[in-house]
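Protein sequences appear in the order of chains Z and D. The numbers in the numbering used here rise by one with no breaks, and the one at position 268 of the first sequence is 268. The numbers in the numbering used here rise by one with no breaks, and the one at position 131 of the second sequence is 131. This report concerns only the one structure given below.
Protein chains: 2
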Amino acid sequence: MKYNIAIIPGDGIGPEVTAQAKKALDAIADTFDHHFTYTYAQMGACAIDATGNPLPEETIAVCEASDAILFGAIGDPKYDNDPNAKVRPEQGLLRLRKSLGLFCNVRPVKAYEQLIDRSPLKRERIEGTDISIYRELTGGIYFGEKHLSEDGQVASDGCSYSVAEISRIAHLAFKEALSRNKKLTLVDKANVLETSRLWRKTVTEIAKDYPEVALDFLFVDNAAMQMILNPKQFDVILTENLFGDIISDEASVIGGSIGLLASASVGTDNALFEPIHGSFPQATGKDIANPLASILSAAMLLRHLNLHKEAELVEKAVEKSLELNFTTEDINPESAFGTSKVGDFIADYILNPT
Amino acid sequence: MKYNIAIIPGDGIGPEVTAQAKKALDAIADTFDHHFTYTYAQMGACAIDATGNPLPEETIAVCEASDAILFGAIGDPKYDNDPNAKVRPEQGLLRLRKSLGLFCNVRPVKAYEQLIDRSPLKRERIEGTDISIYRELTGGIYFGEKHLSEDGQVASDGCSYSVAEISRIAHLAFKEALSRNKKLTLVDKANVLETSRLWRKTVTEIAKDYPEVALDFLFVDNAAMQMILNPKQFDVILTENLFGDIISDEASVIGGSIGLLASASVGTDNALFEPIHGSFPQATGKDIANPLASILSAAMLLRHLNLHKEAELVEKAVEKSLELNFTTEDINPESAFGTSKVGDFIADYILNPT
Ligand SMILES: [Mg+2]
Ligand SMILES: [Mg+2]
Chain Z
1 MKYNIAIIPG
11 DGIGPEVTAQ
21 AKKALDAIAD
31 TFDHHFTYTY
41 AQMGACAIDA
51 TGNPLPEETI
61 AVCEASDAIL
71 FGAIGDPKYD
81 NDPNAKVRPE
91 QGLLRLRKSL
101 GLFCNVRPVK
111 AYEQLIDRSP
121 LKRERIEGTD
131 ISIYRELTGG
141 IYFGEKHLSE
151 DGQVASDGCS
161 YSVAEISRIA
171 HLAFKEALSR
181 NKKLTLVDKA
191 NVLETSRLWR
201 KTVTEIAKDY
211 PEVALDFLFV
221 DNAAMQMILN
231 PKQFDVILTE
241 NLFGDIISDE
251 ASVIGGSIGL
261 LASASVGTDN
271 ALFEPIHGSF
281 PQATGKDIAN
291 PLASILSAAM
301 LLRHLNLHKE
311 AELVEKAVEK
321 SLELNFTTED
331 INPESAFGTS
341 KVGDFIADYI
351 LNPT
Chain D
1 MKYNIAIIPG
11 DGIGPEVTAQ
21 AKKALDAIAD
31 TFDHHFTYTY
41 AQMGACAIDA
51 TGNPLPEETI
61 AVCEASDAIL
71 FGAIGDPKYD
81 NDPNAKVRPE
91 QGLLRLRKSL
101 GLFCNVRPVK
111 AYEQLIDRSP
121 LKRERIEGTD
131 ISIYRELTGG
141 IYFGEKHLSE
151 DGQVASDGCS
161 YSVAEISRIA
171 HLAFKEALSR
181 NKKLTLVDKA
191 NVLETSRLWR
201 KTVTEIAKDY
211 PEVALDFLFV
221 DNAAMQMILN
231 PKQFDVILTE
241 NLFGDIISDE
251 ASVIGGSIGL
261 LASASVGTDN
271 ALFEPIHGSF
281 PQATGKDIAN
291 PLASILSAAM
301 LLRHLNLHKE
311 AELVEKAVEK
321 SLELNFTTED
331 INPESAFGTS
341 KVGDFIADYI
351 LNPT
């Protein structure tokens with residue numbers, strides 16, 4: 001099969017880690033006889049430096065013409081530390097998500113055996129955890145009407161959701177649950193919020209289309225507790241934007257390493273895949289950045305293209321690198337391998353799995 | 001000194017645990033030569049049964065005439081399971097907080113040495129944790145304008161805060177920080193929300209009145225991570241209603257036992273003290289409920305009355321009961337003591353500390 005893949009390396013360690021993910025994709029193409037055409041585009045601080053714009057029009061065009069987007073990281077301290085900066089690298093990603101209509105953020109959280117002892121949680125709590133969090137990304141209070149009274153005494157934020165906004169992500173989450181352990185937990189605050197009640201009503205209605213999936217509900221404050229007490233109870237979590245921000249960030253630290261966490265931003269016609277770690281400027285160019293989250297992002301990308309066996313092989317390669325301790329210094333301080341060597345290991349394993 | 005204390009035993013295990021807290025208060029009165037006058041009042045399911053009203057007028061009057069309120073627990077399954085119930089026990093507490101103007105919820109979270117191994121977090125993460133969370137309780141999105149469009153397609157919730165609402169709780173939190181480790185962390189989402197920006201601006205302004213307190217800021221999603229990664233970094237946390245609900249519930253499980261967590265709801269003229277555990281109907285009347293959270297609520301009540309040495313002695317008694325394993329079955333399954341025996345132990349220790 002032929003696929004067009006847009007690659008946006010971005011800032012900091014972005015180019016280094018996406019280069020390793022591309023090695024994995026190349027090895028997959030080789031092994032399964034696919035043809036991936038890569039088109040590179042700029043976004044973030046590097047795009048500001050080159051064009052003055054964190055999201056050049058050309059980048060949007062490249063993404064629109066692609067089947068999927070592999071993205072590295074965004075952000076540069078030289079912009080963070082300038083309060084007068086008119087354009088900021090991060091605006092590039094927000095605008096790209098908006099112009100491509102990427103309304104759903106997917107965050108897998110998995111306890112890898114080799115990392116469990118690094119988790120802040122005790123082994124017996126975290127062992128076996130495998131969660132997929134579906135967070136609505138373009139609605140809710142983050143995008144609501146903001147207001148500050150003229151005298152500066154009263155501020156307000158509006159939060160609103162429509163049935164259409166809830167439905168489109170709910171269907172994605174139910175489909176994900178079907179392909180996993182068939183459990184979906186809606187996280188809301190329906191005892192207090194009108195928007196949460198609309199979420200609950202809409203999702204309950206949609207659940208009728210997915211009779212195999214067991215749906216349950218959890219208030220967000222209770223969910224924040226349960227994520228620590230018993231994370232393995234979760235399969236797919238569906239939630240609105242603000243709750244998803246909090247719960248997915250909370251969940252991100254229970255696995256033991258942020259260096260392994262991939263994510264997707266999915267829309268109707270396109271999807272973007274990226275590690276959740278940032279541009280990590282201090283590590284740039286040192287060949288020490290952990291490429292596994294970017295490589296797992298490539299696995300998510302493959303699954304999005306319905307290349308399930310291919311995705312599994314990439315994931316197996318990542319597990320092998322952990323098993324053999326063939327990892328970067330953040331995971332393995334004693335006998336660490338460089339970013340590029342880990343990428344080579346993954347690609348080699350894909351070509352010759354054992 | 002003379003004090004009027006309102007006692008609202010409430011439902012379920014409420015009467016049993018408040019009876020133990022009263023034993024502690026009696027022992028304190030004896031030891032320090034205070035005079036506590038107790039007036040009992042009804043609230044919750046028991047008040048509905050007796051009067052049809054979860055919050056009888058008389059209860060409000062008793063509370064208004066008191067210096068502080070000791071409250072047990074609220075809720076009965078016979079109301080929970082009746083979707084047609086017009087009055088619900090929980091309404092009693094919400095109305096009482098409202099009529100007394102209790103705008104600030106205080107939640108201490110402390111890692112007791114004897115409970116650390118019960119925590120879902122690893123010992124080295126939780127050891128030494130001692131946090132006081134100040135949550136705004138009467139504003140924000142929980143009390144905002146709710147709306148559902150006529151066609152049922154769009155729901156909305158408003159969130160608003162005024163400088164006055166922020167200031168009154170901020171002063172309480174800064175004062176708490178002054179009496180502790182002099183660090184205050186404001187949890188907000190000021191990069192996105194207008195209300196959060198008003199919180200940040202107002203609290204930054206008020207910080208000038210407390211030059212000894214170090215103020216810092218944390219976005220709520222990051223706070224949810226930090227609470228797991230490194231809870232001992234926190235001293236006093238100040239935050240708005242929804243964020244406080246999530247963060248304080250998250251924090252409540254890291255200490256290893258919810259059976260030890262007390263809380264306060266504080267206003268300008270009054271304050272109510274209660275364990276965070278509920279009415280626990282299954283345990284009612286069995287003499288197995290853990291009274292320590294209620295006893296620690298009494299310690300918070302004493303501190304609120306500026307009886308600091310008295311509060312410390314109650315806390316020391318609780319620590320002693322943990323140290324000697326003189327506890328109920330939830331903490332000590334092997335050789336457990338009953339609710340009442342634990343209360344006696346605490347009172348005896350207060351009278352004869354070692
Ligand atoms: Mg976040
Ligand atoms: Mg709560």
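All C-beta atoms, glycine included, are put in the ideal place defined by N, C-alpha and C.
Residue 107(D) has 133(D) as its beta-bridge partners, per DSSP. By the beta-carbon neighbour count (other beta carbons within 10 angstroms, threshold 16), residue 306(D) is exposed.
Residue 35(Z) is bridged by DSSP to 2(Z). In the three-state scheme derived from DSSP, where H, G and I count as helix and E and B as strand, residue 216(D) is classed as strand.
Among the residues of chain D, those whose CB is under 7 Å from the CB of residue 221(Z) are 245, 246, 249, following chain order. Residues are counted here when their Cβ sits less than 7 Å from a Cβ of chain Z; for the segment 132-157 of chain D these are 141, 142, 146, 147, 148, 153, 154, 155, 156, 157, given in chain order. Here residue 60(D) is not near residue 10(D), since their CB atoms are 8 Å or more apart. As for any alpha helix (DSSP H) of minimum length 4 sitting wholly inside the segment 124-192 of chain Z, the runs are 163-178, ordered along the chain. Within chain D, 155, 156, 157 have C-beta atoms less than 8 Å from the C-beta of residue 195(Z), given in sequence order. The straight-line gap separating the alpha-carbon atoms of residue 134(Z) and residue 173(Z) is approximately 6 Å.
Taking a 10 Å sphere around the C-beta of residue 107(D), we find 16 or more other C-beta atoms and assign the residue as buried. Around the beta-carbon of residue 128(D), fewer than 16 other beta-carbon atoms lie within 10 Å, marking it exposed.
Residue burial annotation: residue 40(Z) is exposed, with fewer than 16 other C-beta atoms found within 10 angstroms of its C-beta. Segment contact: the segment 92-101 of chain Z against the segment 84-99 of chain D, fewer than three CB-CB distances shorter than 8 Å; contact not assigned. Taken atom to atom, the span from the alpha-carbon of residue 62(Z) to that of residue 275(Z) is near 20 Å. Note that the segment 297-304 of chain Z touches the segment 17-29 of chain Z; at least 3 beta-carbon pairs, one per stretch, sit closer than 8 Å. Looking at the backbone, the Cα of residue 278(D) and that of residue 159(D) are separated by about 28 Å. Rounded to the nearest whole angstrom, the CA to CA distance from residue 308(D) to residue 186(D) is 26 Å. At a C-beta separation below 9 Å, residue 162(D) has these neighbours in chain Z: 149, 153, 154, 155. Ranked by how close their Cα comes to the Cα of residue 193(D), the residues 85(Z), 144(Z), 47(Z), 200(Z) have 144(Z) in first place. In this structure, the straight-line span from the alpha carbon of residue 81(D) to that of residue 245(D) is close to 25 Å. In the three-state reduction of the DSSP assignment, residue 345(Z) falls in the helix class, which pools H, G and I.
Taken in chain order, the complete beta strand (DSSP E) segments of 3 residues or longer contained in the segment 222-301 of chain D are 236-239, 262-266, 271-275. In its chain, beyond the 5 residues on either side, 234, 247, 250, 251, 254 have a beta carbon closer than 8 Å to the beta carbon of residue 227(D). Burial is judged here by how many other beta carbons sit within 10 angstroms of a residue's own beta carbon; residue 189(D) has at least 16 and is buried. Going by beta carbons, residue 183(D) and residue 212(D) fall outside the 8 Å limit. In the three-state reduction of the DSSP assignment, residue 120(D) falls in the coil class. Under the 8 Å criterion on CB atoms, residue 264(Z) is classed as non-interfacial with respect to chain D. Neighbourhood of ligand 1, defined by CB distance below 5 Å to any of its heavy atoms: 245(Z), 249(Z), 221(D), in chain order.
Residue pairing by DSSP places residue 102(Z) opposite 267(Z) in a beta bridge. Distance check between residue 199(D) and each of 230(Z), 29(Z), 154(Z) places 154(Z) closest, using alpha-carbon atoms only.
In the displayed model, residue 96(Z) falls within a helix according to three-state DSSP. If only complete runs of 4 or more residues are kept, the segment 39-97 of chain D shows the alpha helix (DSSP H) at 45-51, 57-64, 77-80, in order along the chain. In the DSSP assignment, residue 8(Z) is bridged to 71(Z). Interface residue (Cβ-Cβ distance to chain D less than 8 Å): residue 300(Z) is not classified as such. Taking 7 Å as the Cβ-Cβ cut-off, the segment 224-238 of chain Z approaches chain D at 224, 225, 228, 229, given in chain order.
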